[in-house]
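Q: Here you go, one structure.
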Amino acid sequence: MLGALLEAPPIPTQADPEPTPAWLRLTEWTEIAGVNMIMAVNDLRTLQARATLEGMMETQVRNRRDDARAINERCDTIEAMLERLKNQSLEYKTLLEGESDSTPIQKQSAKPSTDVPIISQNDLMAWAEDVKPVSK
1 MLGALLEAPP IPTQADPEPT PAWLRLTEWT EIAGVNMIMA VNDLRTLQAR ATLEGMMETQ
61 VRNRRDDARA INERCDTIEA MLERLKNQSL EYKTLLEGES DSTPIQKQSA KPSTDVPIIS
121 QNDLMAWAED VKPVSK
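Below, the structure written as structure tokens:
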């Protein structure tokens, strides 16, 4: 291109009264190449958009699965805690009604151990405050 710009202008002849300079042909070729590149890039925009959308959707699915997994784990924890509370309530009810002749110490040793500590009402209320959903 630089050589074409530096060479002397073509001399008109009878066969070619208005000759086209080399730099003009190279400039036109460069413009055509640029237009072709722009068209090629525009053709790739749909593929880029599709890939971006697929990536976003995969991220959303992954996030939703993680959220669902966390909710299920929390529900399992709450269900286990409720089951322990129910068992404790039944034990206390049984003790209060006097259905059993055994002492509480004997009853505890006869019962299969679950290694679950007895939860106080204050602990339960503190946990309920932590679990309470945030109002909008």
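Per UniProt numbering, residue 1 is the first one in the sequence shown, and the count goes up by one each step.
C-beta atoms are modelled at their ideal positions from N, C-alpha and C, and glycine is treated no differently.
Are the stretch 9-24 and the stretch 33-40 touching, with three or more C-beta to C-beta distances below 8 Å?
A: Because the criterion of three Cβ pairs below 8 Å is not met, the stretch 9-24 and the stretch 33-40 do not touch.
Q: For A126, does the three-state DSSP call read helix, strand or coil?
A: The count along the sequence shown starts at 1 and reaches residue 126 at position 126. Three-state DSSP puts A126 in a helix.
Q: Between the beta-carbon of L124 and the beta-carbon of L95, is there less than 9 Å?
A: Indexing the sequence shown from 1 puts residue 124 at position 124. Indexing the sequence shown from 1 puts residue 95 at position 95. No, the pair does not count as a contact, with Cβ atoms beyond the cut-off.
Q: Run through DSSP, which three-state label would Q121 get?
A: Reading the sequence shown from its first residue, position 121 is the one you call residue 121. In the structure shown, Q121 sits in a helix (DSSP, three-state: H, G or I).
Q: Please state the DSSP three-state secondary structure of Q48.
A: Your numbering for residue 48 matches position 48 in the sequence shown. Residue state, collapsed to three classes: helix.
Q: Compare the Cα-Cα distances from I78 to each of T27, A128, Q14, A4 and report the closest residue.
A: As a working note, residue 78 is residue 78 in the sequence shown. Measuring from the Cα of I78, the nearest candidate turns out to be A128.
Q: In three-state DSSP terms, what is D67?
A: Residue numbering aside, residue 67 sits at position 67 when the sequence shown is read from its first letter. Residue state, collapsed to three classes: helix.
Q: Under 9 Å, do M57 and I119 count as touching if we go by C-beta distance?
A: Position 57 of the sequence shown, counting from 1, holds the residue named residue 57. Position 119 of the sequence shown, counting from 1, holds the residue named residue 119. Cβ distance not < 9 Å, so M57 and I119 don't count as in contact.
Q: Rounded to whole angstroms, how far is the Cβ of P10 from the Cβ of P17, which I believe are closer than 8 Å?
A: Indexing the sequence shown from 1 puts residue 10 at position 10. Indexing the sequence shown from 1 puts residue 17 at position 17. Actually they do not touch by this definition, with Cβ atoms about 11 Å apart.
Q: Put I11 into one of helix, strand or coil per three-state DSSP.
A: The sequence position of residue 11 within the sequence shown is 11, counting from 1. Coil.
Q: On the three-state DSSP scale, how would you describe S100?
A: Position 100 of the sequence shown, counted from the start, is the residue given in the question as residue 100. At S100, the pLDDT of 49 sits below 50, so the modelled position is not reliable; the number obtained from the coordinates is stated separately. Three-state result, S100: coil.
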